[in-house]
Structures are given as C-alpha cells and as structure tokens.
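Accompanying notes for the structure given below.
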Amino acid sequence: SQITKVAEPVPPIAWILIHNFLPGALRRALLIFLSVPDIVTGGGATVAIRIPAHPIPVALAKGLGTPIVGTSANLSGRPSPLTADEVYSQFGNKIDLIIDGGRCPGGKESTVVDVTRETPVVLREGAISREEVEQVCGSIVYREAR
Numbered sequence: 003s004q005i006t007k008v009a010e011p012v013p014p015i016a017w018i019l020i021h022n023f024l025p026g027a028l029r030r031a032l033l034i035f036l037s038v039p040d041i042v043t044g045g046g047a048t049v050a051i052r053i054p055a056h057p058i059p060v061a062l063a064k065g066l067g068t069p070i071v072g073t074s075a076n077l078s079g080r081p082s083p084l085t086a087d088e089v090y091s092q093f094g095n096k097i098d099l100i101i102d103g104g105r106c107p108g109g110k111e112s113t114v115v116d117v118t119r120e121t122p123v124v125l126r127e128g129a130i131s132r133e134e135v136e137q138v139c140g141s142i143v144y145r146e147a148r
C-alpha cells in the first residue's frame, strides 16, 4: 500500500512482479522512477523497493505509516550476514542498533529488477532466478550491476 508514496508511475510490469513475488522470504527489489529526496536515492533517479515478509520490518513500516529506508546489512564486497552476530562482526560499533530477528531465511541477496524500461532488466540475480523472472515477464534482459 505504500509503494505509490514513493514511486511514480508504477509500470504495469512492476505490478505483475509484485503480485507474483512479494512479499516473501525470497525478497524482490524493484527499481522504479521516484520523487523522493536525493539522500534516499543517492542523487539518482531510481531506488530499489523491497517488501519484506519478516514481521519486524513490516511492523515498523505499519507503525510508522511510511516506508522504511535502509541499505543492505553488509559492507561492499563482503558476504551478506545472516545473523545479528554476523552484522556486528562486519560493523562493530559503527552502527547504533541491531535488531535481532533471528537467522535470515534464504541466505541470498534480493534479486534486483529494473522496471524503468519497456523490457525488465535483471541487474542482480539473487534469491529469485532470472528464469523465474522471465517466466513471469515473458522476456527480460540480464545485466550484472556495476
């Protein structure tokens, strides 16, 4: 329900992906044109949107009544941590708070799909394979993000 607060317009292909893959433990991130502050987009025109199935971020977003902004819980080039202890081992005292919601299911990063073009582009293959995305979308372009 909060997607339209940060994305405009939401392309039809994005809704197809949303209805097929979100929310869920196999998280999906979608890139959509936005009208949000540069601090959120890093000055870019797009941002990844993820709808988690985990009850903690869902409760935070519902309680706040607004989308939550966050980054991955790993340092660039380092593996994605699956536990609060692994997050702490990467960041130590550099962050103020770690919420321990148990072991992260899946063990893979989100799949990132750019839906700002006519044909979706898989920028990063993760928990959902490019074949699964292609099965839902009909055709895709695959390109590793740089």
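Residue numbers (our numbering): 3 to 148. A virtual CB, placed ideally from N, CA and C, is assigned to each residue, including glycine. Computed from a prediction, not measured in an experiment: that's the story for all the values here.
D87 - DSSP class collapsed to helix/strand/coil: helix
Exposed unless 16 or more other CB atoms sit within 10 angstroms - verdict on D102: exposed
Proximity winner among S141, S112 and G65, relative to I51 (alpha-carbon distances): Here the closest residue by C-alpha is S112.
Spatial neighbours of G45 in its chain, beta-carbon cut-off 7 angstroms, leaving aside the 5 residues before and after: none
CA nearest to the CA of V117, picked from S141, K96 and A129: S141
For A55: DSSP bridge partner residues: For A55, which the question treats as bridged, DSSP gives no partner whatsoever.
C-beta contact flag for P59 and I70 at 8 angstroms: Cβ atoms of P59 and I70: closer than 8 angstroms.
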